[in-house]
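S.K.: In the numbering used here, the protein residues as written are 45 to 273. Got a structure here, written out as structure tokens. Questions coming.
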Ligand SMILES: [Zn+2]
């Protein structure tokens with residue numbers, strides 16, 4: 045049974061959620077967009093991705109947005125439960141290894157998190173994607189880098205899918221980003237992927253600036269907004 049972390053009156057977490065995490069097997073999701081694959085005849089990419097231009101080279105996910113994964117993400121995001129965040133981040137790091145996409149030297153790869161607007165960071169007191177990204181980087185022995193900023197605005201979760209896509213231009217490179225040279229792969233980490241417009245926008249910026257040759261998304265969960273097959 046999964047339970048959301050509880051807090052005492054002082055706001056301190058008194059109990060972490062009892063998370064049961066069952067990662068998807070590799071092949072259960074489209075390696076390009078992250079959508080669930082329901083047809084046994086499809087092995088890597090879904091029909092939606094056939095012939096479609098996409099900036100990110102791949103998507104790694106732990107599972108669908110339900111059960112222990114969903115509880116872990118919510119506990120971190122809304123209750124500041126870093127222990128829960130570490131649990132889901134370690135599952136994501138293991139999934140990165142399982143896909144075999146990390147045969148590259150660690151000096152050629154880096155990890156970044158989807159940035160949060162500064163005012164929201166102050167309000168919530170936690171940059172949840174950053175917490176997950178740092179733990180993924182630490183577990184995989186990769187460099188964590190802060191590359192981007194996000195302008196202020198409503199949360200993606202509060203918007204419809206078309207409205208999310210219209211806000212795809214809300215990211216920009218930091219004025220003095222900690223950009224390593226010659227990156228082969230930049231892994232962009234987020235908690236939940238829905239339309240994919242966030243990571244597509246970031247990938248377009250990173251590739252356009254020549255920061256990395258390839259950009260991949262690594263997300264804890266995918267909330268499929270469409271029927272994938
Ligand atoms: Zn796909």
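Note that beta-carbon positions come from the ideal geometry of N, C-alpha and C, so glycine has one too. None of the values given here were measured: they were computed from a predicted structure.
Per DSSP, residue 21 forms a beta bridge with which residues?
M.R.: In the structure displayed, the chain extends from 45 to 273; residue 21 sits before or after that span and is not available.
S.K.: Apart from the five residues on each side of it in sequence, which residues of its chain come closer than 6 Å, Cβ to Cβ, to residue 282?
M.R.: Outside the shown range of the chain (45 to 273) lies residue 282, about which nothing can therefore be said.
S.K.: Determine the DSSP secondary structure at residue 267, reduced to helix, strand or coil.
M.R.: As a position in the chain shown, residue 267 is number 223, starting the count at 1. It is coil, neither helix nor strand.
S.K.: Compare the C-alpha of residue 62 against each of 119, 101, 108 and 255 and name the closest.
M.R.: On the chain shown, position 18 is the one that residue 62 refers to. Cα-wise, what sits closest to residue 62 is 119.
S.K.: What are the boundary residues of the beta strand (DSSP E) that includes residue 192?
M.R.: Counting from 1 along the chain shown, the entry for residue 192 is found at position 148. Membership of residue 192 in the beta strand (DSSP E) is indicated by the continuous run 192-194.
S.K.: Just to confirm, does residue 187 get its C-beta within under 7 Å of one of the non-hydrogen atoms of ligand 1?
M.R.: Mapped onto the chain shown, residue 187 falls at position 143. No, the Cβ of residue 187 stays beyond 7 Å of every heavy atom of ligand 1.
S.K.: Measure the CB-CB distance between residue 237 and residue 261 and report whether it falls below 8 Å.
M.R.: Against the chain shown, residue 237 aligns to sequence position 193. Against the chain shown, residue 261 aligns to sequence position 217. Against a cut-off of 8 Å, the Cβ pair of residue 261 and residue 237 comes out as a contact.
S.K.: Quick check on residue 105: buried or exposed, where buried means 16 or more other Cβ atoms within 10 Å of its Cβ?
M.R.: As a first step, residue 105 is located in the chain shown; it is residue number 61 there, counting from the start. So residue 105 counts as buried.
S.K.: Return the chain-ordered ranges of every alpha helix (DSSP H) run that is complete within the stretch 116-143 and spans a minimum of 4 residues.
M.R.: 126-143
S.K.: Roughly how many angstroms separate the alpha carbons of residue 182 and residue 103, rounded to a whole number?
M.R.: What you label residue 182 is simply residue 138 of the chain shown in a count that begins at 1. What you label residue 103 is simply residue 59 of the chain shown in a count that begins at 1. If I take the Cα positions, the gap works out to 20 Å.
S.K.: In three-state DSSP terms, what is residue 197?
M.R.: As a working mapping, residue 197 is identified with position 153 in the chain shown. In this structure, residue 197 counts as coil in the three-state DSSP scheme.
S.K.: Helix, strand or coil: which one does DSSP assign to residue 246?
M.R.: Position 202 of the chain shown, counted from the start, is the residue given in the question as residue 246. Here residue 246 sits in helix by DSSP.
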